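Read the structure below first, then the notes.
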Amino acid sequence: MFLTFPIMVIRVNTIENVVEWRWNNLYMVGIGSFALSMVWRYMLKRKERGGKKADNGPSDAKPLAQKILENRKISVPVVVAVCIIVMFFPFVFSMYQTSILITALTYVMLGLGLNIVIGLAGLLDLGYVAFYAVGAYSYALLNYHFGLGFWTVLPIAAGLGAMFGILLGYPVLRLRGDYLAIVTLGFGEIIRLILENWNEFSFGPSGIANIPRPSFFGMNLSVHSATIYTYYIMVGLCIFTIFVVNRLQDSRIGRAWIALREDEIACQAMGIDKAKTKLTAFALGATWAGMAGVLFAAKTTFVNPASFTIWESVIILCVVVLGGMGSVVGVIMGALVLILLPEYLRAFSEYRMLIFGAVLVTMMVFRPGGLITNVRRRYKFEGGEGGGRKE
Amino acid sequence: MEYFLELFFGGLTRGSIYALIALGYTMVYGIIELINFAHGEIYMIGAFIGLIVASVLTLLGLNHIAIIVIASIVAVIYSSAYGFTIEKIAYKPLRNAPRLSALISAIGMSLFLQNYVLIAQTSDFLPFPSLIPDFEFMEPIAHIISSQELVILICTAVVMILLTYLIKFTRTGKAMRATSQDKQMAALVGIDVNRVISVTFVVGSATAALGGVLIASHIGMINFYIGFIAGIKAFVAAVLGGIGSIPGAVLGSFVLGWTESFATGYISSDYEDVFAFLFLVFILIFRPAGILGRSENQKV
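Listed below in structure tokens is the structure:
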């Protein structure tokens, strides 16, 4: 209460030299902070007790979400239901809803891409938005100068994203976690500043307008049907992403990433090429960002540097952290929750970033694993038989 | 030559502000090995509180010097309290968690504080009254170094000397150095590690707040976003000099200040921030331990 006093209660207006006293805020802050600190203490206590319980004996209880996922009786109908909803969504709901969902799906893609870098390989990348910008601008510029269409640019942008990923990844390989975060952050800012200042190349802060939407076999579609069409492309790409990430996770390289995240030195001792593995993580993560960027440009038909600030990176980071690092379902849920909720709760829009920040802190303190924790495969010894069984 | 000198002193002033912020970074990093992303936000809050106090006092009709002194003191006290609370809320529960968690928590805190000030105050640039008076004896060289710059330089120097004294010659400083070397061993010989960490946060926040008030009255504009860029640059400076080392942070800050000042003066001002970041990338590639840092081998 002492802390918030000056900033909440006094608002100064230096132009007219007026000091505004806002005493009524004081009561709110007082009550709010009291209640919050009670909740905080209670949660911390509970967490400590939980930690002790876990020490007493390993419990076999899995998190609820994990149970649902593994039980085929529940998971199959759920998947089918989701598929049906996804298929018919644009026909049932309005165009506005559809376009919101496209945005959410873009974040699903970005989240899954970043998930490769952070969740699997454990490299904190705060400049992820730079690759997103590379994708969006490559579509905008290639279209503007050479008239290339959506489908031609999509693989080009993916390739460019990967190239930038390697370009950035190469010099920073030797750095440890926190240095890496700062360098990637700096890289993201450099890309944005260049886009903003290099007028001849990127048209500066005013951006590029009139980017065509994706065309359907050469036909030009109306805005309405184009949105639906974009929606289906997005869904298709998301499914593709989920498929690839799922396959990657259990592949040789995926396991190498996870091993690298857990212990670099042990990993090198096992004969994993550290540089190559990290570079692939960067490149693959950047590829998805590049593709998502193309879609973003195609959907909004307009790009400018203001869409690619550092906070965009932080939102994507939020998506990954909230959903659970390393878990695919978690990231999808995280993206949908984080992007859809603010859209429907327009009244609180100004508190959005404030809540994001608070969510990041509380998640880290209380549930570092995210909403849906990724349960690692482990090998368990069955007594006496001596053989390992996959769980 | 005069242009050169002007840029030189401009860079020096800039560098000393970065140094005030970088000190907090490097101290915190030295002890708990965490990049405190919220540090830049503390600097911003310091500037805001300085502005609020200064405006209230101006209405009461005090003279300028009294105002700036009181405003600085209040800002320092408040920011220290903020630093203390942030550490308690966001970092203490994560003391033994993986470093990535603490880092993400720090980013969250930074985001939270920024938007908290944005909502509670305003998103506009607020003009900060220019409170440092022009000295008469500075008149002949005023076009090279203004009296505001002189005040900033003197303040920084005083803070540096106090800090060096604190760390080298007091009990608390000894405890700090011990903790940064080996936390467990320090606890074994009877040092209250949690208290030492809190003290570090408080001292770091206090210097950042002082920097906030000084730079705000020098530039004359503040908004909720200043903390972020300043924080990043101060971090660059800390890394430049070798993170964890206090003289390194000061040296790195001056180098960065001059780089920016000369680069914008002789090349182009559009890419001011790009220079800082490029510099960081090059330093990290060629000398990851920094100018004065010792390289440490990672052990199993």
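Sequence lines, in order, name chains A and B. 61 is the number of the first residue of the first sequence in the numbering used here; add one for each residue after it. 8 is the number of the first residue of the second sequence in the numbering used here; add one for each residue after it. Glycine included, C-beta positions come from ideal geometry on N, C-alpha and C. Since we're looking at a predicted model, the values are computed, not measured.
Neighbouring residues, chain B, relative to residue i (Cβ below 7 Å)
{"i": "A:P231", "result": "V288, I292"}
{"i": "A:M413", "result": "L118, N122"}
{"i": "A:L184", "result": "L107, L110"}
Residue i versus the options, residue with shortest Cα-Cα distance
{"i": "B:N122", "options": "B:L12, B:M51, B:V203, B:L160", "result": "B:M51"}
{"i": "B:G234", "options": "B:H225, B:G249, B:G218", "result": "B:G218"}
{"i": "A:V189", "options": "A:G390, A:V425, A:A395, A:P365", "result": "A:P365"}
{"i": "A:L227", "options": "A:R307, A:T340, A:L186, A:L396", "result": "A:T340"}
{"i": "B:G57", "options": "B:H46, B:E267, B:I229", "result": "B:I229"}
{"i": "B:V329", "options": "B:V209, B:I222, B:T20, B:A104", "result": "Summary: the structure shown does not reach residue 329 of chain B, with chain B confined to residues 8 through 307, and so no result is reported for it."}
{"i": "A:C298", "options": "A:Y156, A:Q157, A:I162", "result": "A:I162"}
{"i": "B:H225", "options": "B:Y273, B:L170, B:L157, B:A270", "result": "B:L157"}
{"i": "A:V419", "options": "A:G209, A:A329, A:Y167, A:L382", "result": "A:L382"}
{"i": "A:I176", "options": "A:G345, A:W211, A:D323", "result": "A:G345"}
{"i": "B:G251", "options": "B:T207, B:V262, B:G90", "result": "B:T207"}
{"i": "B:M183", "options": "B:S79, B:I38, B:F11", "result": "B:I38"}
{"i": "B:L118", "options": "A:V421, A:V425, A:L396", "result": "A:V421"}
{"i": "A:A352", "options": "A:F416, A:S198, A:G417", "result": "A:S198"}
{"i": "A:H205", "options": "A:A181, A:A343, A:F263", "result": "A:F263"}
{"i": "B:G211", "options": "B:L12, B:I77, B:R21, B:Y89", "result": "B:Y89"}
{"i": "A:I332", "options": "A:T158, A:F342, A:A319", "result": "A:A319"}
Three-state class that DSSP yields for residue i in the structure shown
{"i": "A:F210", "result": "helix"}
{"i": "B:V196", "result": "coil"}
{"i": "B:M228", "result": "strand"}
{"i": "A:I268", "result": "strand"}
{"i": "B:A45", "result": "coil"}
{"i": "A:F263", "result": "coil"}
{"i": "A:E322", "result": "helix"}
{"i": "A:L233", "result": "coil"}
{"i": "A:I313", "result": "helix"}
{"i": "A:D120", "result": "In this prediction, A:D120 has a pLDDT of 42, which is less than 50 and means its spatial position is unreliable; what the coordinates show is noted afterwards. Three-state result, A:D120: coil."}
{"i": "B:V288", "result": "helix"}
{"i": "B:E13", "result": "helix"}
{"i": "B:T177", "result": "coil"}
{"i": "B:E40", "result": "coil"}
{"i": "A:I70", "result": "Residue placement at A:I70 cannot be trusted, given a pLDDT of 43 that sits under 50; the coordinates are not used to answer."}
{"i": "A:A181", "result": "coil"}
{"i": "B:M51", "result": "helix"}
Contacts of residue i in chain B (Cβ-Cβ under 8 Å)
{"i": "A:V381", "result": "I111"}
{"i": "A:L377", "result": "I111, I114"}
{"i": "A:V243", "result": "L287, V288, L291"}
{"i": "A:V374", "result": "I114, L118"}
Closer than 9 Å at the beta carbon, the chain A residues around residue i
{"i": "B:L285", "result": "G246, I250"}
Cβ of residue i within 8 Å of any chain C Cβ
{"i": "B:Y123", "result": "Judged by its chain identifiers, the structure shown contains no chain C, and its protein chains are A and B."}
Under 9 Å from the C-beta of residue i: neighbouring residues of chain B
{"i": "A:F416", "result": "G115, L118, F119, N122"}
{"i": "A:G171", "result": "Going along chain B, no residue has its Cβ under 9 Å from A:G171, so there is no contact; the nearest lies around 14 Å."}
{"i": "A:Y239", "result": "I42, V246, I250, L291, P295"}
{"i": "A:L227", "result": "Simply none; closest approach about 11 Å."}
{"i": "A:V295", "result": "Near A:V295 there are no residues of chain B at all, since even the closest Cβ is about 30 Å away, more than 9 Å."}
Listed by chain order, chain A residues near residue i by CB distance under 7 Å
{"i": "B:I84", "result": "Residues of chain A passing the Cβ test: none, with the nearest at roughly 10 Å."}
{"i": "B:D280", "result": "E249, L253"}
{"i": "B:A97", "result": "V421"}
{"i": "B:L101", "result": "M424, V425"}
{"i": "B:I229", "result": "Simply none; closest approach about 10 Å."}
{"i": "B:I74", "result": "Per Cβ cutoff of 7 Å: no residues; B:I74 is ~13 Å from chain A at best."}
Residue i, buried or exposed, once every other Cβ within 10 Å from all chains shown has been counted against 16
{"i": "A:M393", "result": "buried"}
{"i": "A:R307", "result": "exposed"}
{"i": "B:K95", "result": "exposed"}
{"i": "A:V142", "result": "exposed"}
{"i": "A:W348", "result": "buried"}
{"i": "B:S62", "result": "buried"}
{"i": "A:W258", "result": "exposed"}
{"i": "A:Y156", "result": "exposed"}
{"i": "A:M294", "result": "buried"}
{"i": "B:L66", "result": "exposed"}
{"i": "B:N103", "result": "exposed"}
{"i": "B:L195", "result": "exposed"}
{"i": "B:F293", "result": "exposed"}
{"i": "B:Y378", "result": "Chain B is shown from 8 up to 307; residue 378 of chain B falls before or after that span and cannot be answered."}
Under 8 Å by beta carbon: chain A residues contacting residue i
{"i": "B:F320", "result": "Lying before the first or after the last residue shown, residue 320 of chain B is absent from chain B, which here runs from 8 to 307."}
{"i": "B:I204", "result": "Per Cβ cutoff of 8 Å: no residues; B:I204 is ~17 Å from chain A at best."}
Practice item. Taking only runs that begin and end inside the segment 68 to 114 of chain B, name each unbroken alpha helix (DSSP H) of 4 or more residues, in chain order. Key: DSSP assignment within the segment 68 to 114 of chain B yields the following whole alpha helix (DSSP H) runs of 4 residues or more, N-terminal first: 71 to 93.
**Study point:** Complete runs of the alpha helix (DSSP H) confined to the segment 326 to 394 of chain A [at least 4 residues]
**Key:** 334 to 360, 370 to 383
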